[in-house]
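As structure tokens, the structure follows; a few thoughts come after it.
Numbering (the UniProt record's numbering), first residue to last: 1 to 339.
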């Protein structure tokens, strides 16, 4: 993978913070020093527990490509997430005859068996990233849709089904770099919330309302390219049409608002709306979507000032189960193997 290019091993001041290191599985792109080889094999002979403990004795792994900081996640967490996604992809891709990129992350000679037939998967993405512990270990869960055999009662021959699977990885990340600790582990899917979030849009927006007209014209111009988007957006709005336009038709079927909008709004008046829309492309494929929008009044008319990143939620909403880890936007899949 181009992101994990071999880099020269930097000179390290022994008085500085310890660099990122992995377990004895970890080979990475920098190998163990010759002087530590005997200790490594001693740990292998001592069994799995020693392999985990040896996380503090493996070689340095240069940092991966820089990652844009997302709110709520540190740079190290995001680097660990990107690294884990590529690691799981290499792990699923590896075969007995072609370990591929897996050797860049672990010492494949320590694996007793590698599959002869590659796993087929798609839609690989980071599911969750836990905060780093005191040792710099970050638990990253990676999800992928994996092809698996299934035998039905009617058919004797196995058929192929696609299942969403989750794989937990442990990544050590410090300012010195990142490294895998151990192998990925299949785990259960994240727990689902038991309660629905209550959205704060108590009123229905009338189809004859000027605010509804603005919503319709905005989404039409934004998603189909029909119409001038600047005519229905605030002067300082950064919004631009989706290009190339993905849809041929957009219909707003329903819209709810947090307050009743005025027919002729005063400058500075604001309303938040949640619009349900039906989208149709040139092949007559259809989707239903929702858009949370903020509308501002200016000179007696409504303009869209923002596509909200999240809808307005009632403060009394209390989800029945909250995730214990930060969930970032999905990272791009480093590869998809569907062969």
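Just so it is clear, CB atoms sit at the ideal spot from N, CA and C, and this is done for glycine as well.
Item to complete: Taking all protein chains shown into account, decide if residue 193 is buried (16 or more other Cβ within 10 angstroms of its Cβ) or exposed.
Response: exposed
Discussion item. Relative to the C-alpha of residue 188, which candidate in 93, 163, 255 has its C-alpha closest?
Written reply: 163
Worksheet item: What's the C-alpha gap between residue 93 and residue 222?
Response: 39 Å
Worksheet item: When you compare only the Cα positions, how much space is there between residue 124 and residue 144?
Response: 4 Å
Fill in: Close-in-space but distant-in-sequence residues of the same chain around residue 346 (CB under 7 Å, 5 per side omitted)
Since the first residue shown for the chain is 1 and the last is 339, residue 346 is missing from the structure and cannot be characterised.
Worksheet item: Count the other CB atoms within 10 Å of the CB of residue 196; is the residue buried (16 or more) or exposed (fewer)?
Response: exposed
Discussion item. According to DSSP, is residue 223 part of a helix, a strand, or is it coil?
Written reply: helix
Worksheet item: With distances taken from CA atoms, which of 102, 265, 81, 238 is nearest residue 177?
Response: 81
Worksheet item: Quick one: is residue 290 buried, meaning 16 or more other Cβ sit within 10 Å of its Cβ, or exposed?
Response: exposed
Fill in: Range covered by the beta strand (DSSP E) that runs through residue 83
First-last for residue 83: 75-93, but that is the alpha helix (DSSP H), not the beta strand (DSSP E).
Discussion item. Is it the case that the segment 222-240 contacts the segment 251-263, given that we only count it when at least three CB pairs across the two stretches are under 8 Å?
Written reply: no
Discussion item. Please report the straight-line C-alpha distance between residue 264 and residue 309, rounded to a whole angstrom.
Written reply: 27 Å
Discussion item. Using C-beta distances below 6 Å, list every residue in its chain close to residue 167, excluding the 5 sequence neighbours before and after it, in chain order.
Written reply: 88, 142, 184, 186
Worksheet entry | Exposed unless 16 or more other CB atoms sit within 10 angstroms - verdict on residue 86 | buried
Practice prompt. Can you tell me which of the three DSSP states residue 122 falls into?
Written response: strand
Worksheet item: When DSSP labels each residue in this structure, what does residue 172 get in the three-state scheme?
Response: strand
Worksheet entry | Span of the beta strand (DSSP E), counted from its first residue to its last, around residue 186 | 185-187
Worksheet item: Apart from the five residues on each side of it in sequence, which residues of its chain come closer than 6 Å, Cβ to Cβ, to residue 67?
Response: Low confidence applies here, because residue 67 scores a pLDDT of 41, under 50, leaving its location unreliable; read the following figure in that light. Counting only Cβ-Cβ distances below 6 Å, and skipping sequence neighbours, we find 78, 79, 82.
Fill in: First through last residue of the beta strand (DSSP E) which encompasses residue 298
286-298
Worksheet item: Roughly how many angstroms lie between the CA atoms of residue 299 and residue 120, to the nearest whole one?
Response: 57 Å
Worksheet item: Considering residue 149, what are the terminal residues of the beta strand (DSSP E) in which it resides?
Response: 137-150
Item to complete: Output the boundary residues of the beta strand (DSSP E) element that contains residue 273.
Response: 270-280
Worksheet entry | Option in 128, 98, 102 with minimal Cα separation from residue 116 | 98
Practice prompt. Below 7 Å CB to CB, which residues in the same chain sit around residue 200 once its five sequence neighbours on both sides are set aside?
Written response: 258, 312, 313, 314
Discussion item. Quick check: what's the CA-CA separation for residue 148 versus residue 241?
Written reply: 40 Å
Practice prompt. With a 10 Å radius around its C-beta and 16 neighbouring C-beta atoms as the bar for buried, classify residue 107 as buried or exposed.
Written response: buried
Worksheet item: Below 8 Å between beta carbons: does that hold for residue 272 and residue 294?
Response: yes
Worksheet item: Looking at the structure shown, is residue 130 part of a helix, part of a strand, or coil, going by DSSP?
Response: coil
Worksheet item: Going along the chain, which residues of its own chain have a beta-carbon closer than 8 Å to the beta-carbon of residue 69, five neighbours each way excluded?
Response: Residue placement at residue 69 is poorly supported in this model, since its pLDDT is 45, which falls under 50; the coordinates still yield a value, given next. Cβ neighbours of residue 69 beyond the five flanking positions: 75, 78.
Practice prompt. Determine the DSSP secondary structure at residue 108, reduced to helix, strand or coil.
Written response: helix
Worksheet item: On the three-state DSSP scale, how would you describe residue 229?
Response: helix
Worksheet item: Got a sec, what are the start and stop residues for the beta strand (DSSP E) residue 255 sits in?
Response: 249-257
Practice prompt. Please list, in chain order, all residues of the same chain as residue 276 whose beta carbon is under 6 Å from its beta carbon, the five residues on each side excluded.
Written response: 253, 254, 290
Practice prompt. Give the straight-line distance between the Cα atoms of residue 251 and residue 267, rounded to the nearest whole angstrom.
Written response: 28 Å
Fill in: Nearest-angstrom beta carbon gap, residue 90 and residue 138 [assumed within contact, 8 Å]
Contact doesn't hold; Cβ gap of about 18 Å is too wide.
Worksheet entry | CB contact flag (residue 209, residue 305, <8 Å) | no
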